Every structure is written in structure tokens, then in C-alpha cells.
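What follows is a set of notes on a single structure, which appears directly below.
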Amino acid sequence: MSLLHIAILAPLFYAILTGIIGIKLKGIHTGWLVLPVPTVIFGFFLSMIPIVQQGNGGLHELPWIPSLGINFSVYLDGLSLLFSLLISGIGMLVVLYSIYYLDKKREAVHRFYVYLLIFMGAMLGVVLSDNMMVLYGFWELTSISSFLLIAFWYNRERSRYGALKSMLITVFGGLAMFTGFLMLSAMAGSLSVREVIAQTGEIVGEPLFLPAMILILLGAFTKSAQFPFHIWLPDAMEAPTPVSAYLHSATMVKAGIYLVARFSPVFAGQPEWFWLVSGAGLCTLIYGSVRAMKQTDLKALLAFSTISQLGLIMSLFGLGSASAFFTGSADALFYTKATTAAVFHLINHATFKGALFMVVGIVDHETGTRDLRRLGGLMALMPITFTIAVIGAFSMAGLPPFNGFLSKEMFFTAVLQAAKMDFWNVQTWGVLIPVIAWIASIFTFVYSMILVFKTFLGKGKPEALEKTPHEAPMGLLISPVILASLVVVFGFFPNLLSYSLIEPAMAAVLPNMLSSGEQFDVHITFWHGWNAEIFMTLGVILIGILIFLIFNKYRLLNSPWTERFTLNRLYDKGLAGYEKGSSKVTKSYMTGSIRHYVIYIFAAFVLLLTYAIVDSGGVKIDTSGFAPVSFYEMVIIISMIGSVLVLPFVKNRLIAIIITGMSGYMVTLFFVLFRAPDLALTQMIVETVSVMLFLLCFYHLPKLRKEMVPLRFKWTNAIISIAAGAVVTLLALGASSDRLFASISDYYIKESYNLAGGKNIVNVILVDFRGFDTMLEIMVLGIAAFGIYALIKIDSGDEIIGLGDRRVDLMLPNSNDVILRTISKLVIFIILTFALYLFLSGHNNTGGGFIGGLMTAAALVLLSMAFGMNISEKIIPVNFRTMIAAGLLIALLTGMGSFLFDAPFLSQAFDYFTLPLLGKTELATAVLFDLGVYLAVVGVTMTIIYSIGRDN
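This is the structure:
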């Protein structure tokens, strides 16, 4: 495992630790424990700058699912390094800012930092992953964690609304992107981004190439709030200000920008890519700037300004893609400048917008409002905050001497050059590109001035404020001061970035523009003389001042957008329509009858499999290789069939349970006859616990009354059950008679000891060969147990986090308590001892974590039956829900532990050691995984038993 892997995983593991420790901290803010994480990661990536400049970032692979081509591969180049520095650097400042912004006494700050750390790790995973499937996984994790962060104040309806909207839109784009990745991998034969880029020339003409491009752009546009998918970002401002400063200015919304930049080597040079990226960016630029001017809420203004700035960066990457069309010619130099401007403005926007969001947070924190109509005259009361606001807003407006002026001038250069292009019919429409850019820049200037002058100048309105305004404490000012300082430093010394970050990032975005051994030469100067760009800037300032002065005097300029025809209204109506339609469809088949649901399932099962059998030419049954049926087997078969046939006609629940258990125990006898002790033991314990669960469930049902059941009802059941049984029987006989491949059982028999060091083939398959399946199975069991627990507690009115006060001591009906309790004291000890033996010996003999867990649960069930649940809980004071979580965590960590040795996920190892008293002993890591299975099984079984066994 490389340091890059650790940089991604460290925030995720630290999030778990924060969740455990943070809630118990007293007297110290959780943020101080979290702050070292982004700080160390930022320092690490700073140290990587010289290495990446030399082109030695390199690829680091960690096998995960090699058979499917899915590996945890990370790749560090100039582009991923730039984004990693933004993610960790801004993250460090946001954590510091949040320590003073969030009140530990009133806020669940530990939960806030858990979500923030998950998001940080996910974003690092997005920008560093080379495998498209892993990238997609982290991509969706950013959507989930941002949903949690936006809904942090979940008691507010608008917070929940904004979180849901952001998740629905970005997850929709993520699924589209996922489909595009599948198409790319199908064309290139690889999931590696680098290998796809290397094969660009071979896949350009493929039929799936254009659909893949469009689907990937959908993912980029939704995540980066491009028009018309931008509507989620303003509502996401309901999140705490540190979240807005981190996610919605510097990181999450830049993920789409990263995606476009990363896949530019694949799609750049295609006219569709040029028009889609540039067009969407320019539309977003002007739309966001116009909407920003009309906002009265400071965070809403910054939200639309962010949309506008993201459109600017996106359009620059689109214009820069034209350089690929001129590869090898002198004209290519002009179009690489657009990409240079995009990368430069990416950095600049993170600095000034992060500072401005923090300024707005300070204003809200110290005045109690963000409403521009209630603000004014704060300059004298908050001079440091005002200074930061001026620096950030003037940089956003593109005024000298700040860094935003330099990237805005480069933007004007790019759009002016685009107007001269004479390919793809750009010469006809290209003249509109600089016009749109210039008009949008005017509106950008206006909303930047509104932000500063409407908030800090003019007459103060102390009577309209909830608090007496004053300067923020130093803790709140440190982070925005640092960002504002960077705005000034990067303005005066832009080439600090040129050589260290911009040139390596350019090499990653436009690798085809370089010959072997060449490097981009980026040199940014402050003054280029009296050229067209400077005159455009002067025009922006003059007309912007005019509009700012007359803005409040003309209703046409300041009028709100009509609420009748808006994208938000379309979203709300569409979502309501989908919910209404889905509700009607669901109610048509969700009748509340379990019988109906079983009919749906088995009818579909029978129809689909029957069609498959008929379509494949029928089932070929060869009985020549079958063993003869012995007398004992015939007796068991007849007993089992008889019990099943009798069951539908039984009217007594207790007898029905006994007969059901009888059929299960007959299966156990089959396993005994077939010399399968593991399966026999498992089946026996499962039947025992199942009978117990049936008794508990029927305990809470009303008394059974004899009712007349129509004959048609039973015939329907009979037809469905006979058809399902017949189809399964045919499939089983056909599969054993006409095998297409040699049985894999021979491989397990030969290799279970050689590869896994275990003689018990069943257990070796469960914890080694098919360990991934087992882990997913115990996760499903855990989810089911938690679901049963939650449903029962909700139904009974008890608190979910507690057990409730109403309980029942469970006893066997008509049992002799004294005899049962006396016998149980000995039997329980014997069962637990045997369960321990089964767990420890399972790798080489009959047993294992699953069987041992069931056996332990059986002992605990007997304890509850004999002494009652109240007493059993006192004897064994264990929270079995916590035991489920511990088991799942142990299994997961055991699987991830293989990463430390550069082995695939869930790889196991074994060796022989000489131990005191025991002598030569085999030790296998599979035992740790089996321990997780053991704990999960015990926890699941007892959680269900304890939940159902209470008198609700």
C-alpha cells in the first residue's frame, strides 16, 4: 500500500474514530482532533510537487478484484496533485474555521466532522483513482457525504429539501457517467483511465464513442452545477457555512471540472465535445451572473456567483479542447492558453470564493442575518472582515492587482481567439463567444460590488439585526485571512503557480501537445500593454459601475424572476408527479397480502425459468450416473413428503411448527447419510433456532379462529407450489445431467489445503475462496436484523436507541421451571464449550464461525427460555447490535488488511509456528475473518430473538 492509498483511506478511517471518540469528548472541540488529518495530507502533497514536476508521480496499484479488472489504482500527475492540494489545503482551513463557527454545546460537531472526513477521503479518491470503477465509487460517496453535510441541520425543512435535490441530481449524473465508463471500457478493453487515453486513436470511430462522451459529460455537468442542472446548488446553501466554503466553492463542484479535464485527452478535438463543453459553460456563465445580481441573501448571491464562475472554467476547458485539432501546428499555442487560463482560474476561484464564503459566515455569525436588505454600515464595526471581503470580491470581479484579474484577462484572450476560429462553423457563430463573455463579466462586476458595498457601506440598520454587530474573533478570521493573502500573493507573483502546479497540470490535460521530453512553458505577466483585453476590462468597469448605480432605481433590472416558469418549479412538479405515479403503480400490486407477494415472486420465477428451459431446447436428464436410492433414504423422503403434504391442512399453530421442524430435521438426516457433517450440523441448529422464532412470532398473533377457506384459494396455492417445485427439480436434474464444464469441486479438494492451509473444505470455501460472498451475506443478515429491530421498536412506540421498558419473560408453555433451569445450567455450559470448539477447529475439522455462532446463539436462546430475558440480559450484559457492527467491522478490516501486503481484497495467509505447550501449530488469518462471521451471526440471531420475544 502506497502513501497515496493511505492519503485516501486515512480520512475515512479517521471518520470512524471521530464518530466513536467525538461523542464522548468533553471540554475540547472535536475539530482540534480532526485538524491534523488534512494538515498532514496537505503537507504530504506539498512535498510531492518537485517529484511531479519531474514527471515521477507514478502509478500505484493495489489488487482488489483482478478477475474483473477492478484494482485500487492511484495515479499522481499534475492534475490530480493540483486537486489534491485544493482538497486538503482548503479542507485544513475549513476545519480550523469550523472550530470557531460551530458551537460544541449546541451542535453535534462529532457528526459534522465524520461527514466532512468521509467527503474529504471520497474527493481524494475521485481525483487520484486511475480505475474508472473505483473512481465512480468515490464519486457517489461524495454525493452521499455531501447529502449528509447539507442536511446537517436536519430539523430544517429547507435543509432536507436541498440535500435531497442535490443528491437526486448528482446521483442521476453519476449513473449516467457510470454507463459512459462501461462503454469506454468496452471499447478500450480496460478500466484504466491511462490505458483508455493511450487507445484514444483506436476508439474514436467506435459507435459507442459519442454516447460515452455525452453520458460522461452528464456526470460532469450535474456535479459542477452547469445549466440546466444548476438548480441544486442554491438550495445546498442551507448547509452550514463551512460546508458551503468547502464543498460548493473549492471541491465538490470542481469534481465535474476535474472529470472534463481528465478526459479531455480522450474527447478533445471532437466538435461535439467543443460545443457541448464550451456551450454549457458560456450559458452557465451568463445565467449565473444575471441571477446572482438579483439575490438578497448573501449565500444565495455567492451560490449563483459560483455557478457563474464554474461556467467560466468549464467554457475555458471547452475552448482549450480546440488545441487538439491543431496538434503539431503553430495555431495550437493559442488554444493551449485557454486551458492555462482554466487551470489558473481554478486555483484563483478556490482562494477568493472560499474567503468570501467565510466572510458571509462571519457576517451571519456576528449579525444574525444574511439578508442584504437588513445589512449595511458594517465597515467601521468589522474592518478586518471588510478588508477580506474587498480583496475577495475585487478578485472575483477581475480587478487589479488581485489574482482574479490575471485569469480574467487570460479568459478574454481565449474568447477573442475563439472568435477567429474557422472550423466547425465557428467562424459564423464564434463572434458571440467574446460578446457573451464580456456581458457576463459586467454582471460579475456588478454582483461583486453588491456583495461588498451593500453589506459594509451605507447606513447601518442595527434595529433590523438580531445581534449587535462586532468584529469576529481571531479564530474565525485566520482562515479567510490566509485565503485573502493568497489572492494577493498569487496576483503579484503568479509564476509561483506557473512552474509548480500549472505546467504539470497542463501536461496532464493536453499530453498530446507535447513531444517526448518536452514541457509546457507557462509564464504569466501582469501587464501586456494597451490591448483588446485591457479595453474590455475598462468597459466592464465603466458599464458595471453604471449598472450598479442605477440597479435599485429600475424595476426591470431588479425584478425577481417569475416563479411560474422556472427550472425549480419543473423539478418540484416533476418529482411530485413521479411520486404520485409511482404511488399508484405500487398500490396496484402492494395489496398488503403476503400471499399475493408470494404468488408474484413464484409466478415470475416459474414463467421466466420455463421460458428459459423451452428456449434452450428443453432439459436433458441422464440418470445413468445416479446412485441407487437406499431403504433409509426412501424412508426419509416419504417422511419429508408426508410432513409437507399434511402441513396445509393443519389448523393448530403449535402442530404446524412441529411439522415444519420435522421436514427440516429430515433434511438434516439426509446430510448425515451423505457424510456432510458441516451441513448437517448447520441445518440442525438453523431448524432449532427457526422453530424458536416461529414460536415467538406466533406468541404475538391473535388466537387462531376456524374460518371457511374457499377451495379456489387452496388450488391457487397448490398450482404455484407444484409448478415451482417441478421447475426447480427439472433444473437440478438437468444441471447434474448435462454439465457444460468440469465441476469446480475437484479444484477445491486439491487446493484447499495447499492454498488456504485448511482441511475442512466447506469452511475454507466460506472464509477464503468465497470470502467476499460470505462477507456480503453477513452484511445482509446484519441489515435484516437492524431492520427487524427498528420496525418492532417503531411499532411498539419504544425508542429506537433503547430497549424500551415493556418486556416479557419468555417461558416454554407448561414447562417445569425448576427442572428446565437446573438442566440448563449444565447444558448451556456444554453447548458453549462445544460452540467454542466448533469455532476454533473449523479450519481443519467440522465447524467454523457460522456454525459456532449458531451454536452459541442456541445456548443463549436456551438461557432466555429457562431464566427469562430480563435475567439473561443481566447474566450476559451484551449489546448484540453492537456485536453485529463489531463482527462486520472485523470481517471488513481483515479483508482490507491484505492491502498492506499488496494482495487482493480478502486474501488470506497461513503458516506454521512453534508455540509454548502447543508445539507446532498452524495459524491462519482466516480465523480473524471467521471471528467476524461468528460475532455477526450471534449478534443477528440474538437481536432478532430479543426484538420479537418482547411483549409489545
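Quick note: the sequence shown uses our numbering, first residue 321, plus one each step. Positions of the beta carbon are idealized from the N, C-alpha and C atoms, including for glycine. Quantities reported herein were computed from a predicted structural model and do not represent experimental measurements.
Counting C-beta neighbours from all protein chains within 10 Å, is the total for residue i 16 or more, i.e. buried, or is it exposed?
i	result
Val934	exposed
Ser449	buried
His848	exposed
Leu315	Here the chain has residues from 321 to 1272 only, and residue 315 is not among them.
Asn723	buried
Arg611	buried
Glu899	exposed
Pro968	exposed
Gln374	exposed
Tyr931	exposed
Leu538	buried
Phe1225	buried
Arg1201	buried
Arg915	exposed
Ala471	buried
According to DSSP, is residue i helix, strand or coil?
i	result
Asp423	coil
Val394	strand
Glu558	helix
Gly1239	strand
Asp935	helix
Ala327	helix
Ser474	Here the sequence assigns Tyr to residue 474, which means Ser is not the residue at that position. Coil, per DSSP.
Leu869	helix
Ala1244	strand
Ser400	helix
Phe1233	strand
Asn1199	coil
Asp1250	helix
Asn832	helix
Leu332	helix
Val511	Val is not the amino acid found at residue 511; the sequence shown has Leu there. In this structure, Leu511 counts as coil in the three-state DSSP scheme.
Ile1121	Any reading at Ile1121 needs caution, since the residue's pLDDT is 40, under 50, leaving its predicted position unreliable; the model's value is listed next. If DSSP states are grouped into helix, strand and coil, Ile1121 belongs with coil.
Tell me which residue opens and which closes the alpha helix (DSSP H) that residue i is part of.
i	result
Leu535	529-543
Thr705	703-717
Ser1065	1065-1076
Met487	477-508
Gln737	723-738
Glu823	823-829
Pro800	794-812
Gln373	369-373
Trp352	350-354
Leu605	591-613
Ala700	No alpha helix (DSSP H) contains Ala700, which DSSP labels as neither H nor E.
What does the alpha-carbon distance come out to for the pair residue i and residue j?
i	j	result
Gly674	Tyr920	54 Å
Tyr676	Val801	Checking the displayed sequence, the identity of residue 676 turns out to be Leu instead of Tyr. Spanning the two alpha carbons is a distance of roughly 10 Å.
Glu515	Ile523	12 Å
Ala1206	Ile341	16 Å
Val580	Ala588	10 Å
Leu406	Met440	11 Å
Val394	His380	5 Å
Ala565	Glu729	25 Å
Lys740	Ile854	19 Å
Ser950	Thr988	16 Å
Tyr435	Leu1209	19 Å
Asp1250	Phe672	52 Å
Pro358	Ile419	14 Å
Arg478	Glu558	7 Å
Leu337	Leu329	13 Å
Ile822	Leu618	32 Å
Which residue marks the beginning of the beta strand (DSSP E) containing residue i, and which one marks its end?
i	result
Trp384	383-385
Report back the beta-carbon spacing between residue i and residue j to the nearest angstrom; my notes put them in contact at under 8 Å.
i	j	result
Leu621	Leu771	6 Å
Ser628	Thr764	6 Å
Val429	Ser400	Actually they are not in contact, since the Cβ atoms of Val429 and Ser400 sit about 31 Å apart, beyond 8 Å.
Ile1081	Ile1064	About 11 Å separates the two Cβ atoms, so there is no contact after all.
Thr490	Trp552	7 Å
Answer with yes or no whether the minimum CB distance from residue i to chain D is below 7 Å.
i	result
Glu1242	In the displayed structure, chain D is absent; only one protein chain is listed.
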